[in-house]
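Student: Okay, handing you the structure first.
Numbering (the working numbering), first residue to last: 344 to 622.
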């Protein structure tokens, strides 16, 4: 059995329970949105809430019960959608499992260092197997969630969210492995913090006015090359099927980040190849 296939099987064996939970959240979304009209419930709650707040006439008991039923339905839908999107991204971060850093700390890396294959090639092949397992899990989970009938106002977790979550997951796996290859433990945690911090910085950059100084312009131009490309992924996915020209800028930025974190992993592994354990 080659290294890629063995790594794929190992990743599936270690993370199948987590993937199953995320998959079941997707199944729950499919069942919920196809059995109940979530979009209609959202509109009805808005209408009844406006009527109640206006105070024009007191709501009837039936209207109060209807608001309570629809609010419960929307809460369940929102919870499942959040767990699905959050869990899918987190799954991609934990798939590498800190493989390099953990094995360096336990000195298990010395077993692989005795083989004629360089550690860099060995771990990159294991990373390929992990990434294949991640892609397979994301495809299964994403295709399942695509069967759900998301309301139009919930686009962030609807049809647009499936390819967005897939692309984010592939990049998240690369980020987590790159951090682990630098011999940093808890790579999934630090990768997820980087992801959340990037989202915050991206939102902040979108809210502030354009810079007027040369330094500000340089910082604004450099930030997209340093943060997780959530905004670029959204721009790329927004163009799917809309008849507009392909967003090559967003595509290039996504490819750049994938290559960047793969290069980070390669550099970290090259350093470990010379000194597998601390002396």
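Backbone N, C-alpha and C fix where the C-beta goes; we use that ideal spot for every residue, glycine too.
1. Which residue wins for smallest C-alpha separation from residue 435, given the options 567, 482 and 477?
2. Less than 9 angstroms separating the beta-carbons of residue 512 and residue 522?
3. Leaving out the 5 sequence neighbours to the left and right, which residues in its chain are closer than 8 angstroms to residue 452 when beta-carbon positions are compared?
4. Decide yes or no for the touch test of the stretch 575-582 against the stretch 595-611: beta carbon pairs closer than 8 angstroms, at least 3 of them.
5. What alpha helix (DSSP H) runs, 4 residues minimum, are completely inside the stretch 573-605?
6. To the nearest angstrom, how far is the alpha carbon of residue 520 from that of residue 574?
7. What does a CB cutoff of less than 8 angstroms around residue 345 pick up in its chain, not counting 5 residues either side in sequence?
8. State the DSSP-derived secondary structure class of residue 527, mapped to helix, strand or coil.
9. Using 9 angstroms as the threshold, is the C-beta distance between residue 429 and residue 517 below it?
10. Identify, in the order they occur along the chain, each residue of the same chain with its Cβ nearer than 8 angstroms to the Cβ of residue 437, setting aside the five sequence neighbours on each side.
11. Would you check if there are 3 or more beta carbon pairs closer than 8 angstroms linking the stretch 535-553 to the stretch 564-573?
12. Which first and last residues belong to the alpha helix (DSSP H) in which residue 558 is found?
Tutor: Let me lay it out:
1. What you label residue 435 is simply residue 92 of the chain shown in a count that begins at 1. Restricting attention to 567, 482 and 477, the CA atom closest to the CA of residue 435 is found in 477.
2. Residue 512 sits at position 169 when you count from the first residue of the chain shown. Residue 522 sits at position 179 when you count from the first residue of the chain shown. No; because the gap between Cβ atoms is not below 9 angstroms, this pair is not in contact.
3. The sequence position of residue 452 within the chain shown is 109, counting from 1. Closer than 8 angstroms at Cβ, skipping near neighbours: 443, 446, 462, 615, 619 and 620.
4. yes
5. For the stretch 573-605, the full-length alpha helix (DSSP H) segments reaching 4 residues or more read 573-581 along the chain.
6. Within the chain shown, the letter at position 177 stands for residue 520. Within the chain shown, the letter at position 231 stands for residue 574. In this structure, the alpha-carbon of residue 520 lies about 22 angstroms from that of residue 574.
7. Indexing the chain shown from 1 puts residue 345 at position 2. Once the five neighbours on either side are set aside, the close Cβ partners of residue 345 are 468.
8. Here residue 527 refers to the residue found at position 184 when the chain shown is read from its first residue. Of the three classes helix, strand and coil, the one that applies to residue 527 here is coil, per DSSP.
9. Taking the first residue of the chain shown as position 1, residue 429 is located at position 86. Taking the first residue of the chain shown as position 1, residue 517 is located at position 174. No. Outside cutoff.
10. As a first step, residue 437 must be located in the chain shown, where it is residue number 94. If we look at residue 437 and ignore the five residues flanking it on each side, its Cβ neighbours are 358, 361, 519 and 531.
11. yes
12. Residue numbering aside, residue 558 sits at position 215 when the chain shown is read from its first letter. Here the alpha helix (DSSP H) through residue 558 covers 557-565.
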